[in-house]
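In full-length UniProt numbering, the protein residues as written are 1 to 156.
Heads up, the beta-carbon is just placed ideally off N, CA and C, and yes, glycines get one too.
For clarity, every value in this text was computed on a predicted model and none was experimentally measured.
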């Protein structure tokens with residue numbers, strides 16, 4: 001079986017379908033597919049159409065791997081979703097998954113990347129989401145404070 005790199009070299013990049021999934025207990029699961037005009041099924045799940053630019057991590061040898069996704073059309077929707085992420089739910093990271101598919105209706109993606117949302121920059125016209133391999137809640141401190149160990153956090 002050819003690698004993803006070999007497959008990309010043989011086929012035009014416009015045929016690849018890109019999907020992103022954001023999931024968190026406070027707002028549920030958002031499934032989005034790039035450059036389509038109607039909802040599509042991938043892996044048995046329904047993905048909503050949108051337009052985004054996915055900037056892959058720089059291949060310059062740095063130790064931090066960050067990618068950026070810029071949404072132009074969904075800026076107000078994403079802002080409303082982020083308002084739900086408050087209180088004790090902020091102690092849980094937002095999970096992110098980026099998949100590359102060959103065809104609409106495929107059951108398994110060609111490549112999957114699982115990451116965490118690290119930063120969200122919301123402007124009037126677009127929203128840029130920075131994702132990375134490390135959990136941003138555990139970077140600054142080795143202790144992850146949970147409501148089970150510190151019940152007072154539930155009052156925040």
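Measuring only the C-alpha atoms, how far is residue 114 from residue 133? 8 Å
Strictly by DSSP, which residues pair up with residue 73? Answer by DSSP bridge pairing: none, since residue 73 is not bridged.
What does a CB cutoff of less than 6 Å around residue 95 pick up in its chain, not counting 5 residues either side in sequence? 23
Sort out for me which residues DSSP pairs residue 32 with in a bridge. 20 and 48
Under three-state DSSP, which class holds residue 82? helix
Indicate whether the contact test is met: 3 or more Cβ pairs, each with one atom in the region 29-42 and one in the region 119-133, closer than 8 Å. no
For residue 99, which residues does DSSP report across the bridge? 19 and 112
Among 26, 25, 19 and 28, nearest to residue 43 - alpha-carbon criterion: 19
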